[in-house]
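Peer 1: Read top to bottom, the protein sequences are chains A and B.
Reminder that position 79 of the first sequence reads as 79 in this note's numbering, one-by-one numbering, no gaps.
Just remember that this note's numbering sits 202 ahead of the position in the second sequence, which is counted from 1.
From the three backbone atoms N, C-alpha and C, an ideal C-beta is built for every residue, glycine too.
The model shown is predicted, which means the values in this text are computed figures rather than measured ones.
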Amino acid sequence: MINIALPKGRLGEKVYKLFAAAGYEFPGMLDNNRKLVFENEELNMRCFWVKPFDVPVYVERGTADIGAAGKDILLERNPDVYELLDLKAGFCRMAVAAKNNFQDDPEKILRVATEFPNIAKNYYSSIGREIDIITLRGSLELAPVLGLSDVIVDIVETGTTLRENNLSVINFIEDLSARLIANKSAYKFKGNIIDEIIRKVS
Amino acid sequence: MLNLRLRPEEKAALKLRSLYENYGYSFYRMSRFEEYDFYADKKDFLTSKNILTFTDTNGKLMALRPDVTLSIIKHIKNSESVQKFYYDEKVYRVPKNAGTFREISQAGVECVGSLTGENIREILELALLSLKTLADGKKYILDVADAGIIAELLKENPNKKEILKCIAAKNIHGLKNFNAPEKIIDLMKIDGSIKNSLNEIDSSTAEIINSLENYHGEIKIDFSAVNNLNYYNGIVFRGFIEGIPESILSGGQYDGLMASMGQKNSKAIGFAVYLDTIRNEE
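Here is the structure:
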């Protein structure tokens, strides 16, 4: 039995379509219902939707043998898993954004609002800048607009939301996309099945 | 006869102790405490940077042992002959995701001195036998790699840290992004079977592995076992048991630690078994 964790939401649906096209179909996965676990007895596989942030947890602890997670979440949670494949879906970037007229004052501690405190900490420690982290759970753009923070560290896809709020990207941090991850121990014992999945979806 | 119901990790520890005794390893009992300065000096060789400290009656800052190997190496006499020890101890660390210190049960063996291939073979065999004992009929795998090759290839590479992370994660697209040497990418792609990949590691190590012919189904050449180049300089290995989601055994050759303790002509090899991973299974 292979257990697969997919992230609930748009990215997960894209990834599921890759799986389905490769012959790994789980009837009812895309239906609008409350079911969480879908089994394909013929394949001897089980697939389930979890919160995007939780995919690495399920995989690291072995509840799922493999999963699909955004690189942003892998960088933030730093799980001890194998990152076997770039699924080349959900391309976006991690970036620093600020109000259009923002001038960084190096004498002050920079206030950074983000959903990704570890990514922000690692980035600013790599360039040696002292920061004050403000962890938020969404609507990041509001923070610089209302003066809660100087900058935000966030995922930027098209930049439309930033522009509409008079914000712009000032530093690029990393390219992001969905990755296929595997539990290290599961890969030792189910490696041939997992490798076959990788061959077919890539 | 004592009538005791032992916990799974206690039973496992006793089985391992009897295995190591049978191989002529002597039990090493040590104090739970060391002076804090000792660990501060040797922090390159610690996996966990958090150390639990307290002040002793004489005002000295002491630490609860975060690691057993360091203490053993510190306390043994400098000697040319080969010395063999095993332990079954508690260490104090902050495990990932715990957020606080925890007492962790660890058993293991160390073999130090002027080691020969036969000593290295014995340690590998003991690692395999430890896994077999703990697996209790389930499948087990020992990943083996050569940290020396990776260290040589990454000498003065500006992306060393990132590349090592990619190696541990079998992240080949990441290795390409960080311009890792082509040779490393080739090493990550090998299929691991003894038959096809033995020529990728140091020839004397390959010979040793070849001689463990009863275990060729359980040994895999897998460079994702290389994680800490500060600690390991030669062969490294990591053990897994089917159904246990994390590695249960890890070890390798660590001559660098011997050198940092002033024992420049000595070599050392050993491994630790994380007994708490079994308890979590029950």
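With a floor of 4 residues, list each alpha helix (DSSP H) that falls wholly inside the segment 275 to 361 of chain B, ordered by position along the chain.
Peer 2: 319 to 337, 349 to 355, all fully within the segment 275 to 361 of chain B.
Peer 1: Nearest-angstrom Cα distance between B:V311 and B:Y222?
Peer 2: Going by the C-alpha atoms only, they are around 8 angstroms apart.
Peer 1: On the CB-based measure, 16 or more other CB atoms within 10 Å of its CB, does B:T257 come out buried or exposed?
Peer 2: By the neighbour-count rule (16 or more Cβ atoms within 10 Å), B:T257 is not buried but exposed.
Peer 1: Taking Cβ to Cβ, would you say B:S426 is nearer than 7 angstroms to B:A370?
Peer 2: Their beta carbons are under 7 angstroms apart, which means B:S426 touches B:A370 by this criterion.
Peer 1: Could you work out which residues of chain A lie near B:K363, taking near to mean beta carbons separated by less than 8 angstroms?
Peer 2: Within chain A, no residue comes near B:K363; the closest Cβ sits about 10 angstroms away, beyond 8 angstroms.
Peer 1: Using a Cβ-Cβ distance cut-off of 7 angstroms, determine whether A:G62 contacts chain B.
Peer 2: Interface residue, yes.
Peer 1: Would you tell me roughly how many angstroms separate the C-alpha atoms of A:A21 and A:N166, rounded to the nearest one?
Peer 2: Distance between the alpha carbons of A:A21 and A:N166: 41 angstroms.
Peer 1: Could you check the C-alpha separation between B:I443 and B:K422 for me, to the nearest Å?
Peer 2: Cα-Cα distance, rounded: 13 angstroms.
Peer 1: Within the present structure, is the beta-carbon of A:E25 separated from the nearest heavy atom of the ligand HEM by less than 6 angstroms?
Peer 2: As for the ligand HEM, it is missing from this structure, which has no ligand bound.
Peer 1: Roughly how many whole angstroms lie between the Cα atoms of B:G261 and B:D243?
Peer 2: Their backbone Cα atoms lie some 19 angstroms apart in a straight line.
Peer 1: Just by C-beta distance, which residues in the segment 70 to 85 of chain A are closer than 8 angstroms to chain B?
Peer 2: Under the 8 angstroms Cβ criterion, the segment 70 to 85 of chain A contributes D80, V81, Y82, E83, L84, L85.
Peer 1: Under a Cβ-count criterion, where at least 16 other Cβ atoms within 10 Å of its own Cβ denotes burial, should B:T271 be classed as buried or exposed?
Peer 2: Buried, by the Cβ-count rule.
Peer 1: Please decide whether A:F189 counts as near chain B, where near means a Cβ-Cβ distance under 7 angstroms.
Peer 2: Output row for A:F189: interface = yes.
Peer 1: Using DSSP with H/G/I as helix, E/B as strand and the rest coil, what is B:E402?
Peer 2: Of the three classes helix, strand and coil, the one that applies to B:E402 here is helix, per DSSP.
Peer 1: Could you tell me whether the Cβ of B:E312 comes closer than 7 angstroms to any Cβ of chain A?
Peer 2: No, its Cβ sits nowhere closer than 7 angstroms to a Cβ of chain A.
Peer 1: Report the rounded CA-to-CA distance for B:V284 versus B:F229, giving the unit in angstroms.
Peer 2: One C-alpha to the other measures close to 15 angstroms.
Peer 1: Mapping DSSP to helix, strand and coil, what is B:K469?
Peer 2: The answer is strand: DSSP assigns B:K469 an E or B state.
Peer 1: For chain B, check one thing: does any of its Cβ atoms lie closer than 7 angstroms to the Cβ of A:N222?
Peer 2: Outside the displayed span of chain A (1 to 202) sits residue 222 of chain A, for which this structure offers no information.
Peer 1: Pick helix, strand or coil for B:P383, following the three-state DSSP scheme.
Peer 2: Here B:P383 sits in coil by DSSP.
Peer 1: Would you mind telling me which residues of chain A sit closer than 9 angstroms to B:H277, beta carbon to beta carbon, in chain order?
Peer 2: None at all; the shortest Cβ gap to chain A is about 32 angstroms.
Peer 1: Check the C-beta distance from A:T114 over to A:I133 and give it rounded, since I have them as a contact under 8 angstroms.
Peer 2: A:T114 to A:I133, Cβ: 7 angstroms. Contact.
Peer 1: What is the rounded straight-line gap between the Cα of B:S316 and the Cα of B:D457?
Peer 2: Those two C-alpha atoms are separated by around 11 angstroms.
Peer 1: Give the residues of chain A in contact with B:A371, contact being defined as C-beta atoms less than 8 angstroms apart.
Peer 2: Those are V81, Y82, E83, listed as they occur along chain A.
Peer 1: Out of curiosity, what's the CA-to-CA distance linking B:K276 and B:F235?
Peer 2: Those two C-alpha atoms are separated by around 13 angstroms.
Peer 1: Quick check on B:T255: does DSSP put it in helix, strand or coil?
Peer 2: Strand.
Peer 1: Give the DSSP-derived three-state secondary structure of A:D132 in the structure shown.
Peer 2: Strand at A:D132.
Peer 1: Using DSSP bridges, identify the partner residues of A:D154.
Peer 2: DSSP, once it has assigned bridges, lists A:A95 as partnering A:D154.
Peer 1: In the DSSP output, what is B:Q455 paired with across the bridge?
Peer 2: Bridge partners of B:Q455: B:I471.
Peer 1: Please identify, using Cβ separations under 9 angstroms, the residues of the segment 430 to 451 of chain B that lie next to chain A, in order along the chain.
Peer 2: So the list reads R440, F442, I443, E444, G445, I446, P447, E448, S449, I450, given in the order they occur along the chain.
Peer 1: Less than 7 angstroms between C-beta atoms, sequence neighbours within five positions excluded: which residues of the same chain meet that for B:A214?
Peer 2: If we look at B:A214 and ignore the five residues flanking it on each side, its Cβ neighbours are L336, L477, I480.
Peer 1: Assuming A:V96 contacts A:V145 (C-beta within less than 8 angstroms), just tell me the rounded distance between them.
Peer 2: Not confirmed; about 16 angstroms, so no contact.
Peer 1: Between the segment 307 to 339 of chain B and chain A, which residues of the former have CB atoms less than 7 angstroms from a CB of the latter, in chain order?
Peer 2: Listed by position, the residues of the segment 307 to 339 of chain B near chain A (Cβ gap below 7 angstroms) amount to none.
Peer 1: Anything in the segment 403 to 424 of chain B with a Cβ closer than 8 angstroms to a Cβ of chain A? List those residues in chain order, please.
Peer 2: For the segment 403 to 424 of chain B, which is checked against every Cβ of chain A, the residues closer than 8 angstroms are K422.
Peer 1: Quick one: grab the DSSP three-state call for A:E83.
Peer 2: The answer is strand: DSSP assigns A:E83 an E or B state.
Peer 1: List the DSSP bridge partners of A:M45.
Peer 2: A:M45 is bridged to A:I2, A:N40.
Peer 1: So is B:E484 in contact with chain A if we call contact Cβ pairs under 7 angstroms?
Peer 2: Because the pLDDT at B:E484 is just 49, under 50, the model does not fix this residue reliably, and the value given afterwards should be weighed accordingly. Judged by the 7 angstroms Cβ criterion, B:E484 is not in contact with chain A.
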